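Quick note on the numbering used here: the sequence shown kicks off at 1 and runs consecutively. Ideal Cβ placement from N, Cα and C applies to all residues, glycine included. As the structure is a prediction and not an experimental result, all values here were calculated from the model. Take a look at the structure below.
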Amino acid sequence: MRIIHYIDSKNSEGKRLERIVSLFTAKESLLTCRNIEALRKSLGQSGNHDDVLLIHPANRKGLAELVARRDLLADRRIVLVLPDREEETVALGHLLRPRMISYRDSDFLDVAAVLVRMRENGESH
């Protein structure tokens, strides 16, 4: 299982999340995409629906851009880190049908725990 981490280039919290996730994941299993085009290419090359998408948009506008392209993300396991806790942002995030939602102001340990569990469940199939 690979973790494809989408974090747009305007997001300053991305490095902190990458550090936390890398503590629990092999470096070669983590692929970072900094724009939608790189994400599209990674998903096209992969074809592997066992991959997990860790999506971390910088703001609601970035989230809306992903929602507009949600066909690209269909049938993928998504862990979503939202930029804020506003009702409109949360509602928009749910349109991506994530397995888990966390928030930029969290410590990201919840995200790491879910990714570890997803990896363990994927290896037992």
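If you count every other CB in all the chains shown that lies within 10 Å of the CB of residue i, and 16 or more means buried, which is it?
i	result
N11	buried
L63	buried
A91	exposed
H56	buried
R85	exposed
G14	buried
Have a look at residue i and residue j and give me their C-alpha separation to the nearest angstrom.
i	j	result
S9	R34	5 Å
H5	E88	23 Å
S102	L82	6 Å
Assign residue i to one of three DSSP states: helix, strand, or coil.
i	result
L95	coil
M118	helix
R70	helix
query: Do the stretch 107-117 and the stretch 13-31 touch if we need at least three Cβ pairs shorter than 8 Å?
result: Result yes; three or more Cβ-Cβ pairs closer than 8 Å.
- request: Please specify which runs of the beta strand (DSSP E), each continuous and at least 3 residues long, are wholly inside the stretch 12-59, giving them in chain order.
  value: The beta strand (DSSP E) runs lying completely inside the stretch 12-59 and spanning 3 residues or more are 30-33, 52-56, given in chain order.
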